[in-house]
Amino acid sequence: MSVEREQDERTIRCLVAKVGLDGHDRGAHVIARALRDAGFEVIYSGLHRSPDEVVQAAVQEDVDVVGISILSGAHKTLVPRILDGLREYDAFDDRLVLVGGIVPDDDQAELRELGVDEIFGPGASMDEMIGYIREQAPDR
Amino acid sequence: MSELVEALLAGKHSALARVITKIENRSPGYRDVVSALHRHTGHAEVIGVTGSPGAGKSTLVDKVAAEYRDRGHTVGVIAIDPSSPYSGGAVLGDRIRMASNAGDMDVFFRSMSARGSLGGLSTATTDAVTALDAFGKDYVVVETVGAGQNEVDIVRTADTVAVLVPPGSGDDVQMLKAGILEIGDVFVVNKADLDGADRTVQQLREMLQGRSTAGHHGASGTEVAGTTEDGGAAEDGWEPPIVETVANRSEGVGEFLAALSDHGDYLDRTGGREQQARDRFAAEIRTLLREDANRMVAAELDRGGGLDAYLDAVMARETDPYTVVDEVLEPLRDCLDGRSEHGE
Numbered sequence: 041m042s043v044e045r046e047q048d049e050r051t052i053r054c055l056v057a058k059v060g061l062d063g064h065d066r067g068a069h070v071i072a073r074a075l076r077d078a079g080f081e082v083i084y085s086g087l088h089r090s091p092d093e094v095v096q097a098a099v100q101e102d103v104d105v106v107g108i109s110i111l112s113g114a115h116k117t118l119v120p121r122i123l124d125g126l127r128e129y130d131a132f133d134d135r136l137v138l139v140g141g142i143v144p145d146d147d148q149a150e151l152r153e154l155g156v157d158e159i160f161g162p163g164a165s166m167d168e169m170i171g172y173i174r175e176q177a178p179d180r
Numbered sequence: 505m506s507e508l509v510e511a512l513l514a515g516k517h518s519a520l521a522r523v524i525t526k527i528e529n530r531s532p533g534y535r536d537v538v539s540a541l542h543r544h545t546g547h548a549e550v551i552g553v554t555g556s557p558g559a560g561k562s563t564l565v566d567k568v569a570a571e572y573r574d575r576g577h578t579v580g581v582i583a584i585d586p587s588s589p590y591s592g593g594a595v596l597g598d599r600i601r602m603a604s605n606a607g608d609m610d611v612f613f614r615s616m617s618a619r620g621s622l623g624g625l626s627t628a629t630t631d632a633v634t635a636l637d638a639f640g641k642d643y644v645v646v647e648t649v650g651a652g653q654n655e656v657d658i659v660r661t662a663d664t665v666a667v668l669v670p671p672g673s674g675d676d677v678q679m680l681k682a683g684i685l686e687i688g689d690v691f692v693v694n695k696a697d698l699d700g701a702d703r704t705v706q707q708l709r710e711m712l713q714g715r716s717t718a719g720h721h722g723a724s725g726t727e728v729a730g731t732t733e734d735g736g737a738a739e740d741g742w743e744p745p746i747v748e749t750v751a752n753r754s755e756g757v758g759e760f761l762a763a764l765s766d767h768g769d770y771l772d773r774t775g776g777r778e779q780q781a782r783d784r785f786a787a788e789i790r791t792l793l794r795e796d797a798n799r800m801v802a803a804e805l806d807r808g809g810g811l812d813a814y815l816d817a818v819m820a821r822e823t824d825p826y827t828v829v830d831e832v833l834e835p836l837r838d839c840l841d842g843r844s845e846h847g848e
């Protein structure tokens with residue numbers, strides 16, 4: 041029976057990535073656990089990852105969602121490098137790219153233009169995020 | 505041949521990743537993909553690494569991958585983590601410890617979750633190894649927590665199985681228990697700098713001395729030793745070595761690789777490698793036959809109106825489970841009998 045269910049219902053895979061220098065990952069842990077409890081498979085990157093490492097993980101793990109958590113304010117330099125890397129490996133089009141953290145409004149618009157699908161700030165609820173992923177995760 | 509298969513064979517990482525996803529999801533067409541890849545396999549050396557949680561498997565695998573890369577080889581790693589029995593979700597965290605190979609695409613690291621299915625995981629793992637082998641990886645390492653039969657099945661995918669035993673992992677009786685200690689070709693006492701490591705090595709040594717040498721790899725029940733004449737009587741057993749490592753400081757990694765390579769040589773010398781491959785494919789064919797036959801029977805049940813009607817009758821004591829099975833399988837039996845009568 042479980043075999044049949046597996047065939048109907050695709051398991052969504054998410055990368056939760058900490059990129060750059062900020063050293064706090066309590067939030068990333070909370071999100072990883074919430075996504076796990078929602079039935080997703082979560083690959084957690086660990087702290088202090090470079091954009092290259094995030095790209096490597098996103099490509100090899102073939103995740104549906106690349107979640108990037110940045111609190112350091114370096115999103116304008118790091119996120120574009122991740123997006124470029126994903127494009128280089130043909131791994132951009134069929135993936136959601138989400139950014140979590142503190143991103144000023146002006147920067148938000150800029151990141152969206154570059155290809156970030158959604159940005160979740162400090163007030164975002166977990167249900168909102170999970171609902172968004174369920175709806176928007178690319179069919180493939 | 506499909507585009508995806510071509511792209512994988514051409515060395516495209518995203519295609520390899522997508523093939524493994526298809527395999528994991530049992531997506532439509534995954535069987536054709538695996539079939540097409542089969543003829544391109546048979547070159548990779550497959551190593552299984554298992555042991556209790558916290559034994560240091562990921563850290564050791566990271567260093568092993570780095571060492572193989574230094575020697576000019578390419579590496580694939582499949583790391584299996586458990587999934588939640590409630591939500592089906594999983595946190596796959598072994599990637600964190602692959603720091604030595606960060607940014608090196610020629611170490612292809614893939615996390616897989618158990619997805620709650622016992623038999624299915626070993627099939628999926630075997631198929632994922634096929635994909636990495638066809639991609640051209642020289643070494644494929646399959647890493648899994650050794651907690652039960654499931655893991656024993658998975659490591660059967662490997663040519664050589666390494667079992668990690670952390671220091672102080674219980675008394676002598678723990679070591680006598682059946683399970684993962686029986687499947688090791690190489691034993692590793694990792695964290696050998698900790699107190700109690702010497703004692704653990706000693707206990708392991710005693711345990712291994714009591715172990716019969718013939719057929720030890722044989723979860724499959726095969727007697728590797730003595731199957732060929734040129735193996736020679738003096739050579740006919742594999743004595744699993746015990747290697748001490750401190751993986752986080754890269755100590756003992758060279759010795760570990762030497763032990764793996766010795767076992768590989770042993771397999772080549774005795775014809776064990778070929779026998780293992782035959783056993784593996786036999787097991788795979790049997791599993792697939794069982795899966796497909798199950799599916800056909802389930803479909804036949806549905807056509808007959810599902811299990812519920814039968815259950816009502818069984819509950820009312822109008823019939824019984826054996827009779828139900830006979831009835832459901834009757835057309836199948838007739839059909840197969842008919843075929844064999846026609847000499848097919």
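Taken in order, these protein sequences are the chains called B and X. Those letters in the first sequence? Residues 41 to 180, per my numbering, in order. Those letters in the second sequence? Residues 505 to 848, per my numbering, in order. The C-beta atom is built at its ideal place from N, Cα and C for all residues, glycine as well. On a predicted model such as this, the values are computed, not experimentally measured, just so you know.
Could you name the residues that DSSP lists as bridge partners for residue i?
{"i": "glutamate 158 of chain B", "result": "B/Leu138"}
{"i": "tyrosine 643 of chain X", "result": "X/Glu549 and X/Val579"}
{"i": "leucine 596 of chain X", "result": "B/Ile83"}
{"i": "aspartate 585 of chain X", "result": "X/Ser617"}
{"i": "leucine 668 of chain X", "result": "X/Gly555 and X/Val692"}
{"i": "arginine 89 of chain B", "result": "B/Val59"}
{"i": "valine 105 of chain B", "result": "B/Cys54 and B/Leu136"}
{"i": "glutamate 755 of chain X", "result": "X/Val750"}
Please state whether DSSP places residue i in a helix, a strand or coil.
{"i": "tyrosine 814 of chain X", "result": "helix"}
{"i": "serine 615 of chain X", "result": "strand"}
{"i": "isoleucine 789 of chain X", "result": "helix"}
{"i": "glutamate 710 of chain X", "result": "helix"}
{"i": "isoleucine 110 of chain B", "result": "strand"}
{"i": "threonine 648 of chain X", "result": "strand"}
{"i": "arginine 799 of chain X", "result": "helix"}
{"i": "threonine 661 of chain X", "result": "coil"}
{"i": "aspartate 697 of chain X", "result": "coil"}
{"i": "glycine 776 of chain X", "result": "helix"}
Rounded to whole angstroms, what is the Cα-Cα separation between residue i and residue j?
{"i": "threonine 717 of chain X", "j": "glycine 741 of chain X", "result": "Here the model assigns threonine 717 of chain X a pLDDT of 48, short of 50, so the residue's position is not dependable and the matter cannot be decided."}
{"i": "alanine 177 of chain B", "j": "aspartate 77 of chain B", "result": "17 Å"}
{"i": "methionine 166 of chain B", "j": "isoleucine 71 of chain B", "result": "7 Å"}
{"i": "leucine 513 of chain X", "j": "threonine 545 of chain X", "result": "11 Å"}
{"i": "arginine 575 of chain X", "j": "serine 673 of chain X", "result": "33 Å"}
{"i": "alanine 570 of chain X", "j": "alanine 521 of chain X", "result": "21 Å"}
{"i": "glutamate 549 of chain X", "j": "aspartate 598 of chain X", "result": "21 Å"}
{"i": "glutamine 148 of chain B", "j": "aspartate 134 of chain B", "result": "21 Å"}
{"i": "glutamate 81 of chain B", "j": "alanine 781 of chain X", "result": "32 Å"}
{"i": "alanine 751 of chain X", "j": "valine 818 of chain X", "result": "59 Å"}
{"i": "leucine 55 of chain B", "j": "aspartate 92 of chain B", "result": "14 Å"}
{"i": "arginine 856 of chain X", "j": "alanine 628 of chain X", "result": "Past the edges of chain X, shown from 505 to 848, lies residue 856 of chain X, and the structure says nothing about it."}
{"i": "serine 604 of chain X", "j": "glycine 688 of chain X", "result": "26 Å"}
{"i": "serine 588 of chain X", "j": "alanine 68 of chain B", "result": "19 Å"}
{"i": "leucine 712 of chain X", "j": "valine 692 of chain X", "result": "13 Å"}
{"i": "leucine 508 of chain X", "j": "arginine 180 of chain B", "result": "13 Å"}
{"i": "glycine 758 of chain X", "j": "aspartate 566 of chain X", "result": "13 Å"}
{"i": "aspartate 657 of chain X", "j": "serine 617 of chain X", "result": "15 Å"}
{"i": "glutamate 175 of chain B", "j": "valine 137 of chain B", "result": "14 Å"}
{"i": "glutamate 710 of chain X", "j": "glutamate 748 of chain X", "result": "16 Å"}
Can you name the start and end residues of the alpha helix (DSSP H) that residue i belongs to?
{"i": "threonine 749 of chain X", "result": "Element bounds for threonine 749 of chain X: n/a, residue is neither H nor E."}
{"i": "leucine 519 of chain X", "result": "Sequence check: residue 519 of chain X is alanine here, not leucine. Its alpha helix (DSSP H) spans residues 517–529."}
{"i": "histidine 115 of chain B", "result": "115–128"}
{"i": "serine 506 of chain X", "result": "Per DSSP, serine 506 of chain X belongs to no alpha helix (DSSP H) and is neither H nor E."}
{"i": "tyrosine 172 of chain B", "result": "166–176"}
{"i": "valine 829 of chain X", "result": "825–845"}
{"i": "threonine 563 of chain X", "result": "561–574"}
{"i": "aspartate 179 of chain B", "result": "No alpha helix (DSSP H) contains aspartate 179 of chain B, which DSSP labels as neither H nor E."}
{"i": "serine 673 of chain X", "result": "Here serine 673 of chain X belongs to no alpha helix (DSSP H), and DSSP marks it neither H nor E."}
{"i": "tyrosine 534 of chain X", "result": "534–542"}
{"i": "histidine 64 of chain B", "result": "First-last for histidine 64 of chain B: undefined, no H or E at that position."}
Specify, as a first and last residue, the run of the beta strand (DSSP E) that residue i falls within.
{"i": "lysine 58 of chain B", "result": "53–58"}
{"i": "alanine 606 of chain X", "result": "Looking at the DSSP string, alanine 606 of chain X is not in any beta strand (DSSP E), and its letter there is neither H nor E."}
ask   = the region 58–79 of chain B: which residues have C-beta closer than 8 Å to a C-beta of chain X, in chain order?
value = Ala72, Arg73, Leu75, Arg76, Asp77, Ala78 and Gly79
key: Residues from the region 589–605 of chain X in contact with chain B, defined by Cβ distance under 7 Å   = Ser591, Gly592, Gly593, Ala594, Val595, Leu596, Gly597, Arg599 and Ile600
ask   = Taking any Cβ of chain X, which residues in the region 85–115 of chain B have a Cβ under 8 Å from it, in chain order?
value = Ser85, Gly86, Arg89, Ser90, Asp92, Glu93, Gln96, Ala97, Val99, Gln100, Glu101 and Asp102
Against chain B: residues of the region 792–812 of chain X by CB proximity under 9 Å = Going along the region 792–812 of chain X in chain order, one finds Glu795, Asn798, Arg799 and Ala802 with a Cβ nearer than 9 Å to chain B.
Residues in the region 129–141 of chain B having any Cβ partner in chain X nearer than 8 Å = For the region 129–141 of chain B, the set of residues with a beta-carbon nearer than 8 Å to any beta-carbon of chain X comprises Tyr129, Asp130 and Ala131, in chain order.
ask   = Closer than 7 Å, Cβ to any Cβ of chain B: which residues of the region 529–543 of chain X, in chain order?
value = Asn529 and Arg530
request  = Quick one: which residues of the region 564–575 of chain X get their C-beta closer than 8 Å to a C-beta of chain B? List them in chain order.
outcome  = Only those residues of the region 564–575 of chain X whose C-beta falls short of 8 Å from the nearest C-beta of chain B would be listed, and there are none.
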